[in-house]
Each structure stands twice: as C-alpha cells, then as structure tokens.
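I have placed the structure first, in the form of structure tokens, so that the comments after it can refer back to it.
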Amino acid sequence: MTELLTIETLVSRTGLEESLIRYYESEYAQSLPNKILRGDTMFFAEPAVDVFLKIHARHGELAGMGSEAASSSKRYGRVIAVTSGKGGVGKSNVSLNLAIAFQQMGKMALVLDADLGMANIHLLAGIQPAYSLKDLLRLDLEPSELITQGPEGIGIVAGGSGVIALADSSSGQRRQMLDTLEKMERHAEIIMVDTAAGMGAGVRDFLMAADEILFVLTPDITSLADAYGLLKALHAKEFNRPLYLVVNMATSLKQAADVAVRFSNCARQFLGVTINNIGYILRDATVGAATVRRTPYLIFDPQAKVSKNTVTIANALLRSGDETIRLNSAFKRYQNLIQESYP
Ligand SMILES: Nc1ncnc2c1ncn2[C@@H]1O[C@H](COP(=O)(O)OP(=O)(O)OP(=O)(O)O)[C@@H](O)[C@H]1O
Ligand SMILES: [Mg+2]
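1 is the number of the first residue of the sequence shown in this note's numbering; add one for each residue after it.
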C-alpha cells in the first residue's frame, strides 16, 4: 500500500513552499494522483512527490526562473465582481467607493468598469480616461496606459463595449486583451469589477471566473427575487468560491438585517449555498449630492452614514480574504471559460 502524505510532509520531501504546492495542485490537478480525504485532512498518495517535482522542473523551465521568483511572480490581486439581479441597486457606487476605502487602508485598489451598456464609473469618479476596455481589443496597450488614476490614487479601467465584443473578436485579440488584464491583476491587490445587472452570457462567464462575488441587494422584493435567480444560476454552474452580500439603501439596520437573513436563509435552505452577509449601507441623500459633483461619496463626505457603512464593509472584506485566491488568475480562468464558449 502506498504511503499517505500530508501537505507538510510534501513540503519537506519536495523542498517546495506550501504556497507553491497549492498553486501547482490547482493549476495541474489532472496530472496529479487523486487526493484522499480522511476526517478533515487531505492526503496525497506517495507518487505525488515525484509528480510535484516534475511539474516544478517543467514550470521553472517555462518561467525561466527559480522557485522563489516563480512563486512570487504568481501572486494575483483579489478580483471581486460586484453584481445584482436587478439594475439600479447601487453596484457602481459600491464598487468605486469600496476601492477608495481599500486604497485609504493602504491596499492598491482598482475598479474595472465591466458594465457594457452603461459604463459610468468614470463619471462617478470625475475622471476623463484616455482609453477604455474596448480599446484593448484594437490597440496594443500596456496595463499602465489602460489604467487612469482616480480619487485617492485608485486605478480605474473605464468601461466600453470591450467585454461584450469578446464574442465577435478573434481568439488572438481576446488572448491579447486578457493577457493585459492578467498583468494588471498581478500589480493590484484588489480589483473591484462593476458588472451589468442580471445574467447575460458575458456577465455570467465573468462571474464564474471571479475570485469572489459580492451581491448588492436592496430591500425591494424584486431585487431579492432577481438576485436569488442569479445565485441559483451560478450554483447550477458550480461556482464554489466566496460569495458576499451587501444590503444597500436600507432605511434601518433592522430592515437590512431582515433582508440579509431572508436571502441567506433561502440560499442555504434551497441551494445549500453559504452567502456571507458582509454589511449594509443605509439610504443616504449624500449619494445623490456626491454624484452631482462627480465626486465619490466617500470623499465628498467621509462622515456621512453611507461612507462609514462602506468603510465597515471594506474592513470586513479585508478580514475575509483567503490567501489561496491570490495564487490563481481570475482573468486566466475567464480566458479558459470563454475559450470554451467561443472557440
Ligand atoms: N445608499 C444609497 N442611498 C441613496 N441613493 C443611493 C444609494 N446607493 C445608490 N443610490 C442611488 O441609486 C442609483 C443607482 O446607483 P448605481 O448607479 O450605483 O446603481 P447600479 O446598480 O450600478 O445601477 P445599474 O444597474 O444601472 O448599473 C443612483 O441614482 C444612486 O445615486
Ligand atoms: Mg452601474
């Protein structure tokens, strides 16, 4: 019978860092012997030592560098897709202001406007971007050219019809575009992706590829029903990374808690899905006033209720980060997914 090895034993037998082993494990799952679960510990069969070493040798050759450099160059930012079942619930405001809150906490944050129909992050942020996502398909842009500096030094990638145009573009163009986004993912610590509401094909693929998904709900009953429909569709496609829920435009904490509990209970009971209730935002006239000034509300009035609520959510999200997320690229996953849809 072959010996069963824990990850710690693998680390000592191969001399590879644990993070690197976990990275290889997710990237080369098919080449590895089956893992064995005993109790709540995962074991590898003995041949895994050789397989990991072979993968490492191959990987090192490909990357042309030693193990340390290879593992550190493979750290990616957290890609958090912000979504909702129904439009007009506050996704764009929440994405932008959370990015600003992260930046104020010392994280390098970026907002990517992936709303295809109504790209408006640049308007809310009061900037005039030179390029937008759609230019990625026709121009050979470096990440630095694509990113416009926004309030507090956040990066903004303005929207365009870029992502939807993926369906009509050649696979070479798509690869070029996603390579640029992957480079960007290596440089930022957190990327908030503002998506269009609902479950159009382009949005769905992107959500499936994201590291984490943040649902924005309002107390409005149709917002709940639509969000549940979206969650169900993601569940059917076996989305298995973290899901968060924010209730926006609540009139009281109690109302927000009721909505959050109702939604997360439905998710658990009917789908067996855990959705993490990460905070709420009160309805606040500051949002409208800030929009008129083309200033994000967090900067327009940091003391406003809506701003304080947003900072609390940013803190909660930072606490909930999972390091293994950083070992894989969401844009690479997206590339693989759309490769299947549009070969
Ligand atoms: N907490 C809040 N209090 C008051 N008004 C808000 C709040 N959050 C958002 N709004 C308002 O709701 C409207 C929709 O906000 P926003 O554009 O951010 O939503 P969205 O989900 O991105 O919409 P779309 O689906 O059209 O992209 C805007 O007029 C915004 O000012
Ligand atoms: Mg929007």
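C-beta atoms are modelled at their ideal positions from N, C-alpha and C, and glycine is treated no differently.
Among the candidates the options, whose CA atom is the shortest distance from the CA of residue i?
i, options, result
"Ile-275", "Leu-245, Pro-296, Ala-304, Asp-301", "Leu-245"
"Leu-146", "Arg-326, Arg-268, Tyr-131, Gly-153", "Tyr-131"
"Ala-250", "Pro-219, Ser-95, Ala-196", "Pro-219"
"Leu-253", "Leu-282, His-56, Arg-326", "Leu-282"
"Ala-197", "Ser-329, Ala-81, Gly-288, Glu-340", "Ala-81"
"Gln-176", "Arg-186, Ala-101, Leu-139, Gly-279", "Leu-139"
"Leu-234", "Ser-171, Leu-271, Gln-103", "Leu-271"
"Ser-320", "Asp-211, Ser-223, Asp-284", "Asp-211"
"Ile-338", "Gly-202, Gln-255, Leu-37, Ala-290", "Gly-202"
"Asp-50", "Ser-26, Thr-148, Leu-10", "Leu-10"
"Lys-237", "Asn-34, Met-208, Glu-323, Ser-12", "Met-208"
"Asp-115", "Ala-316, Thr-312, Arg-204", "Arg-204"
"Gly-85", "Thr-312, Phe-263, Gly-15", "Phe-263"
"Leu-243", "Asn-277, Ile-313, Glu-18", "Asn-277"
"Leu-96", "Leu-16, Phe-44, Ile-154", "Ile-154"
"Gln-255", "Thr-324, Tyr-280, Glu-340, Asp-284", "Tyr-280"
"Ile-121", "Gly-106, Ile-55, Arg-174, Ile-100", "Ile-100"
"Val-306", "Ala-314, Leu-230, Thr-286, Val-292", "Thr-286"
"Ala-330", "Glu-3, Gly-15, Thr-180, Glu-17", "Thr-180"
"Lys-91", "Thr-312, Leu-214, Thr-324", "Leu-214"
"Gly-15", "Lys-54, Arg-293, Ala-267", "Lys-54"
"Gln-269", "Phe-300, Leu-178, Lys-232", "Lys-232"
"Phe-102", "Lys-308, Glu-340, Asn-336", "Lys-308"
"Glu-182", "Thr-148, Glu-152, Leu-141", "Leu-141"
"Tyr-76", "Ile-191, Gln-149, Gln-303, Gly-200", "Ile-191"
"Pro-151", "Pro-143, Glu-185, Phe-300", "Phe-300"
"Tyr-334", "Glu-185, Leu-230, Gln-303, Gly-288", "Glu-185"
"Ala-314", "Asp-226, Met-105, Ala-29, Leu-20", "Met-105"
"Ile-36", "Asn-240, Gly-288, Pro-129, Glu-3", "Glu-3"
"His-56", "Cys-266, Tyr-24, Asn-265, Ala-227", "Tyr-24"
"Glu-18", "Glu-340, Thr-324, Asn-336, Lys-332", "Thr-324"
"Arg-58", "Ser-31, Ala-45, Pro-47", "Ser-31"
Please report the Cβ distance between residue i and residue j, rounded to the nearest whole angstrom; I am assuming they are in contact, meaning their Cβ atoms lie under 8 Å.
i, j, result
"Gly-159", "Thr-295", "Contact doesn't hold; Cβ gap of about 19 Å is too wide."
"Val-259", "Val-247", "5 Å"
"Thr-310", "Leu-298", "6 Å"
"Ala-188", "Met-118", "Actually they are not in contact, since the Cβ atoms of Ala-188 and Met-118 sit about 24 Å apart, beyond 8 Å."
"Val-216", "Leu-112", "That belief does not hold up - the Cβ atoms of Val-216 and Leu-112 are roughly 16 Å apart, past 8 Å."
"Ser-223", "Val-79", "About 24 Å separates the two Cβ atoms, so there is no contact after all."
"Phe-52", "Thr-6", "With 8 Å as the limit, Phe-52 and Thr-6 do not qualify as a contact, their Cβ atoms being about 13 Å apart."
"Leu-124", "Thr-291", "6 Å"
"Leu-133", "Val-157", "6 Å"
"Asp-322", "Ala-304", "Their Cβ separation, rounded to whole angstroms, is 31 Å, which puts Asp-322 and Ala-304 out of contact at 8 Å."
"Leu-230", "Thr-41", "That belief does not hold up - the Cβ atoms of Leu-230 and Thr-41 are roughly 35 Å apart, past 8 Å."
With a threshold of 7 Å (Cβ to nearest heavy atom), would residue i be considered close to ligand 4?
i, result
"Asp-226", "With respect to ligand 4, the structure offers nothing, as its ligand set consists of ligand 1 and ligand 2."
So what does DSSP say about residue i, is it helix, strand or coil?
i, result
"Glu-17", "coil"
"Ser-269", "The sequence as given places Gln at residue 269; Ser does not occur at that position. Of the three classes helix, strand and coil, the one that applies to Gln-269 here is helix, per DSSP."
"Glu-340", "helix"
"Val-311", "helix"
"Gln-176", "helix"
"Lys-35", "strand"
"Gly-279", "strand"
"Phe-44", "strand"
"Gly-155", "strand"
"Tyr-28", "coil"
"Ala-196", "coil"
"Ile-190", "strand"
"Ala-250", "strand"
"Gln-353", "Missing from the structure shown is residue 353; the chain here goes from 1 to 343 and no further."
"Leu-318", "helix"
"Leu-141", "coil"
"Gly-162", "Only weak support is given to the placement of Gly-162: the predicted model assigns it a pLDDT of 45, under 50, and the value that follows is read from those uncertain coordinates. Looking at Gly-162 - three-state DSSP - the assignment turns out to be coil, as it is neither helix nor strand."
"Phe-331", "helix"
Establish whether the CB of residue i and some CB of chain D are separated by less than 8 Å.
i, result
"Gln-335", "Chain labels in this structure do not include chain D; a single protein chain is all it has."
ask   = Of all the alpha helix (DSSP H) runs that stay within the bounds of the region 50-135, which reach a length of 4 or more residues?
value = As far as the region 50-135 is concerned, its whole alpha helix (DSSP H) runs of at least 4 residues are 67-72, 91-104, 121-125.
inquiry  = At 3 residues or longer, what runs of the beta strand (DSSP E) sit wholly inside the region 205-235?
reply    = Here the runs fully enclosed are 212-217.
Below 6 Å from a heavy atom of ligand 1 - residues by beta-carbon = Listed along the chain, these residues meet the criterion: Ser-84, Gly-87, Gly-88, Val-89, Gly-90, Lys-91, Ser-92, Asn-93, Asp-115, Met-118, Ala-197, Asn-248, Met-249, Ile-281, Arg-283, Asp-284, Val-287, Gly-288, Thr-291, Val-306.
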